[in-house]
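> In the working numbering, the protein residues as written are 5 to 344.
Note that the Cβ used here is the ideal one computed from N, Cα and C, for glycine as well.
Handing you a structure now.
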């Protein structure tokens, strides 16, 4: 895919693979053809920018995305060299810097040279200190509880035409699973860091000329558990439109990814970059365990989308796939032990 505006337009079109990108449809402008976001030329400064309108959400995202928080996060990220510059914001949208490159595909995602770049970029993101200098609190359980509440509220509304297929758990069971996870993960120490929280393939931009990757679509970004952000990214190897968990990264790939991550993360903390097998194993176990929460959270998200979204995508099928894989891996990951 060619770098520049054409690449941006292709990755921003409202295809099913972009339903998790979260950006709202734009009002039509020359050249946009109703795309989810549009690259435009800022004639005054000859700077390529993106503009996004939030006035007519197509999927109910505004129920659980804090746009003010998103703008603050973009400013923080740019100040630390991890995100695009926010040029301006207005009541129903933002205008921000265009990120040159092409969205990753599943093949590139698995190439060692590329996934090591991703690991390094995530370590850079995770090293950004809290805005006020005081310890940040992870948003994970607050967000999961919010999704549960919204799903419960939605149950009293008109049922979705798609119906509820077999394999989608009831709300009572989901609440029990969330409580079980909270108890299981409570003793596990994972640093609270600034996380992307939605690092699927299409939210990673690869600039081949520069040999770099950058992340985009930070609307879910917030302080969260380190192991959750990594585990969530590993879950995204399975894809979105046609989920295939045979594509889940092998143990060897995960360990290599985690080694690159820890080397960069320790360097950014001012520590020696040497990484032991024990350190990699500890993080591997934590990532596996926290990845389970990702399945429940995005499964709940998909149930909400099934209620509110007008996007042509089978959200209930997606929810079922996430819940099914959660139950498939739960016992295995619960049985994993951390080193003493």
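If you draw a straight line from the C-alpha of residue 33 to the C-alpha of residue 267, how long is it?
Counting from 1 along the chain shown, the entry for residue 33 is found at position 29. Counting from 1 along the chain shown, the entry for residue 267 is found at position 263. Low confidence applies here, because residue 33 scores a pLDDT of 30, under 50, leaving its location unreliable; read the following figure in that light. Approximately 45 angstroms between the Cα atoms of the pair.
> Contact defined as beta carbons within less than 8 angstroms: I believe residue 125 pairs with residue 219. What is the distance between those atoms, to the nearest angstrom?
Walking along the chain shown from the start, residue 125 turns up at place 121. Walking along the chain shown from the start, residue 219 turns up at place 215. About 6 angstroms separates the two Cβ atoms, so the contact holds.
> CB-CB under 8 angstroms to residue 240, same chain, minus the five flanking residues each way: which ones, in chain order?
Locating residue 240 in the chain shown gives position 236, counting from the first residue. So the list reads 203, 204, 205, once near-sequence residues are dropped.
> At 4 residues or longer, what runs of the alpha helix (DSSP H) sit wholly inside the region 93-167?
Taking only runs of at least 4 residues, the alpha helix (DSSP H) segments lying wholly in the region 93-167 are 110-113, 116-130, 144-159.
> For residue 342, count the other beta carbons within 10 Å of its own beta carbon; 16 or more makes it buried, fewer makes it exposed. Which is it?
Here the question's residue 342 lines up with position 338 in the chain shown. The residue is exposed, with fewer than 16 neighbouring Cβ atoms inside 10 Å.
> Rounded C-beta distance between residue 304 and residue 178? I'm assuming under 8 angstroms.
Stepping through the chain shown from its first residue, residue 304 is reached at position 300. Stepping through the chain shown from its first residue, residue 178 is reached at position 174. With a Cβ gap of about 7 angstroms, residue 304 and residue 178 count as contacting.
> Select from 133, 256, 335, 327 the residue whose C-alpha is nearest the C-alpha of residue 346.
Here the chain has residues from 5 to 344 only, and residue 346 is not among them.
> If you compare alpha carbons, which of 149, 135, 249, 122 is closest to residue 76?
Here residue 76 refers to the residue found at position 72 of the chain shown. Residue 135 is the option with its Cα nearest to residue 76.
> Starting from residue 320, follow the alpha helix (DSSP H) in both directions and report where the run begins and ends.
Here residue 320 corresponds to residue number 316 of the chain shown, with the count starting at 1. Per DSSP, residue 320 belongs to the alpha helix (DSSP H) from 319-339.
> Return the CA-CA distance between residue 98 and residue 92, expressed in angstroms with no decimal places.
The residue labelled residue 98 in the question sits at position 94 within the chain shown. The residue labelled residue 92 in the question sits at position 88 within the chain shown. Near 6 angstroms, if we compare the C-alpha coordinates of residue 92 and residue 98.
> Quick one: Cα of residue 27 to Cα of residue 344, how far?
Working through the chain shown from its first residue, we reach residue 27 at position 23. Working through the chain shown from its first residue, we reach residue 344 at position 340. Confidence at residue 27 is low in this model, with a pLDDT of 39, below 50, so its placement is unreliable and no value can be given for it.
> State the start and end residues of the unbroken alpha helix (DSSP H) segment that holds residue 284.
The residue labelled residue 284 in the question sits at position 280 within the chain shown. It spans 281-312 - the alpha helix (DSSP H) in which residue 284 sits, taken as one unbroken run.
> Alpha carbons only, please: which of 149, 192, 140, 187 is nearest the one belonging to residue 288?
As a working mapping, residue 288 is identified with position 284 in the chain shown. Among 149, 192, 140, 187, the Cα nearest to that of residue 288 belongs to 192.
> Rank 275, 260, 276, 115 by C-alpha distance to the C-alpha of residue 284 and give the top, closest one.
Translated into positions along the chain shown, residue 284 becomes position 280. Closest option to residue 284, Cα to Cα, is 260.
> Are residue 142 and residue 228 closer than 9 angstroms when you measure CB to CB?
Taking the chain shown and counting its residues from 1, one reaches residue 142 at position 138. Taking the chain shown and counting its residues from 1, one reaches residue 228 at position 224. Contact flag set, yes.
> Could you tell me the distance, in whole angstroms, from the CA atom of residue 278 to the CA atom of residue 265?
Position 274 of the chain shown, counting from 1, holds the residue named residue 278. Position 261 of the chain shown, counting from 1, holds the residue named residue 265. The alpha-carbon atoms of residue 278 and residue 265 are separated by roughly 11 angstroms.
> In terms of residue numbering, what span does the alpha helix (DSSP H) encompassing residue 228 cover?
For the purposes of this step, residue 228 is taken as the residue at position 224 of the chain shown. Premise fails: residue 228 lies in the beta strand (DSSP E), 226-229, not in any alpha helix (DSSP H).
> Measure the C-alpha to C-alpha separation of residue 334 and residue 292 and round it to an integer number of angstroms.
Here residue 334 refers to the residue found at position 330 when the chain shown is read from its first residue. Here residue 292 refers to the residue found at position 288 when the chain shown is read from its first residue. In a straight line, the C-alpha of residue 334 is about 10 angstroms away from that of residue 292.
> Tell me whether the region 251-258 and the region 108-119 touch, counting them as touching only if at least three CB pairs, one residue from each stretch, are closer than 8 angstroms.
Three or more Cβ pairs drawn from the region 251-258 and the region 108-119 lie within less than 8 angstroms of each other, which places the two stretches in contact.
> Give me the Cα-Cα distance between residue 326 and residue 196, rounded to the nearest whole angstrom.
Taking the first residue of the chain shown as position 1, residue 326 is located at position 322. Taking the first residue of the chain shown as position 1, residue 196 is located at position 192. Straight-line measurement puts the Cα of residue 196 at about 25 angstroms from the Cα of residue 326.
> Taking only heavy atoms of the ligand NAD into account, decide whether any of them is closer than 8 angstroms to the Cβ of residue 273.
Judged by which ligands are present, the structure shown has none, so any question about the ligand NAD falls away.
> In the structure shown, what three-state DSSP assignment does residue 201 receive?
For the purposes of this step, residue 201 is taken as residue 197 along the chain shown, with counting starting at 1. In this structure, residue 201 counts as coil in the three-state DSSP scheme.
> Over what stretch of residues does the alpha helix (DSSP H) that includes residue 217 continue unbroken?
Numbered from 1 along the chain shown, position 213 holds the residue referred to as residue 217. Run containing residue 217: none in the alpha helix (DSSP H); it sits in the beta strand (DSSP E), 216-219.
> Nearest to residue 214 by CA position, among 104, 184, 83, 300, is which residue?
Position 210 of the chain shown holds residue 214. Cα-wise, what sits closest to residue 214 is 104.
> So residue 181 packs on residue 300, CB below 8 angstroms; how close in whole Å?
Your numbering for residue 181 matches position 177 in the chain shown. Your numbering for residue 300 matches position 296 in the chain shown. With a Cβ gap of about 6 angstroms, residue 181 and residue 300 count as contacting.
> Thinking C-alpha only, which one of 269, 231, 248 is nearest residue 321?
For this step, residue 321 is matched to residue 317 along the chain shown. Comparing Cα positions, the closest option is 248.
> Beta-carbon within less than 8 angstroms of residue 282's beta-carbon, same chain only, minus the 5 sequence neighbours each way: which residues are those?
Here residue 282 refers to the residue found at position 278 of the chain shown. 343, listed in sequence order.
> With respect to the beta strand (DSSP E) encompassing residue 210, which residues constitute its N-terminal and C-terminal limits?
For the purposes of this step, residue 210 is taken as residue 206 along the chain shown, with counting starting at 1. It spans 208-211 - the beta strand (DSSP E) in which residue 210 sits, taken as one unbroken run.
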